[in-house]
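Numbering (my numbering), first residue to last: 26 to 252.
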């Protein structure tokens, strides 16, 4: 176990039924040396995060990736990320709030990245482009205005360029125009929608012209529809 450096979870269920086992684990926690933890697809982050919080979090843990954070996971995930503090260097996080749209207004009350002051890379998965489901994006970005981000990735399902015309995107662009000017080396748009790349590139160049001018905008084709 101590030699384990990266842990990737897809779908896992577990439970502790032996109270003695829990007490024994707490008394002598594993000396993990994890450098990265990744939760893929339907993995339940709550159980693993709560397990890690029962012991000293490995100081080597710098990279965390959540494929999706559902509304019911937000509080525990936020507690886990806050506990990592300045040790966290790279975070990938996606939120699915279509079943609980009201959480888009309050997600930042549960997930606060202002403690992760040494984070260099932030990857936001934005699956729902409806305005009322996107409010969490500028809220999260506003939390890290003082963080020296070097790389920002926005993973977006763009099907029509008009999806980028909204007050929420105006707020996001204002942050990109005014924050991280001295530290940001690259802003990556990971395109997963079915809009062809010719129009995708044109729409993003129109939406964030300042990044084009600074030559730090990269649009990557990751769409299964365009293969």
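For glycine and all other residues, C-beta sits at the position ideal for the given N, C-alpha and C. Remember, it's a predicted structure, so these values are computed and weren't measured experimentally.
Which listed residue (195, 163, 141, 244) has its alpha carbon closest to that of residue 131:
Taking the first residue of the chain shown as position 1, residue 131 is located at position 106. Nearest option by C-alpha distance: 163.
How big is the Cα-Cα spacing for residue 60 and residue 145?
Residue mapping note: residue 60 aligns to position 35 of the chain shown, counting from 1. Residue mapping note: residue 145 aligns to position 120 of the chain shown, counting from 1. So the alpha carbons of these two residues sit roughly 15 Å apart.
Take residue 124 as the anchor and find which of 81, 97, 177, 249 has the nearest alpha-carbon.
Your numbering for residue 124 matches position 99 in the chain shown. Restricting attention to 81, 97, 177, 249, the CA atom closest to the CA of residue 124 is found in 97.
Where are the alpha helix (DSSP H) runs, 4 residues long or more, that stay fully inside the stretch 82 to 130, in chain order?
Counting whole runs of 4 or more residues, the stretch 82 to 130 contains the alpha helix (DSSP H) stretches 99 to 109.
C-alpha gap between residue 58 and residue 113, whole angstroms:
Within the chain shown, numbered from 1, the residue matching residue 58 stands at position 33. Within the chain shown, numbered from 1, the residue matching residue 113 stands at position 88. Looking at the two C-alpha atoms, the distance is approximately 14 Å.
Can you grab the Cα-Cα spacing for the pair residue 160 / residue 189, in whole Å?
Here residue 160 refers to the residue found at position 135 when the chain shown is read from its first residue. Here residue 189 refers to the residue found at position 164 when the chain shown is read from its first residue. Each residue's alpha carbon lies about 14 Å from the other.
Taking buried to mean at least 16 other C-beta atoms within 10 Å of its own C-beta, is residue 206 buried or exposed?
In the chain shown, the residue the question calls residue 206 occupies position 181. It is exposed - the Cβ of residue 206 has fewer than 16 other Cβ atoms within 10 Å.
Look up residue 233 in the DSSP assignment and say whether it is helix, strand or coil.
Locating residue 233 in the chain shown gives position 208, counting from the first residue. Of the three classes helix, strand and coil, the one that applies to residue 233 here is coil, per DSSP.
Over the uninterrupted beta strand (DSSP E) stretch that includes residue 62, give me the two end residues.
For the purposes of this step, residue 62 is taken as the residue at position 37 of the chain shown. Per DSSP, residue 62 belongs to the beta strand (DSSP E) from 61 to 64.
Measure the alpha-carbon distance for residue 208 versus residue 196 and round it to whole angstroms.
For the purposes of this step, residue 208 is identified with residue 183 of the chain shown, where counting begins at 1. For the purposes of this step, residue 196 is identified with residue 171 of the chain shown, where counting begins at 1. The straight-line gap from Cα to Cα measures roughly 20 Å.
According to DSSP, what are the bridge partners of residue 176?
Stepping through the chain shown from its first residue, residue 176 is reached at position 151. DSSP, once it has assigned bridges, lists 146, 211 as partnering residue 176.
Within the same chain, show all residues whose beta-carbon is closer than 8 Å to that of residue 310, passing over the 5 residues directly before and after it, in chain order.
Not covered by the structure: residue 310. The range shown for the chain is 26 to 252.
Just the C-alpha distance for residue 72 and residue 105, rounded to the nearest angstrom, thanks.
Counting from one through the chain shown, the residue named residue 72 turns up at place 47. Counting from one through the chain shown, the residue named residue 105 turns up at place 80. Residue 72 and residue 105: Cα-Cα distance of roughly 11 Å.
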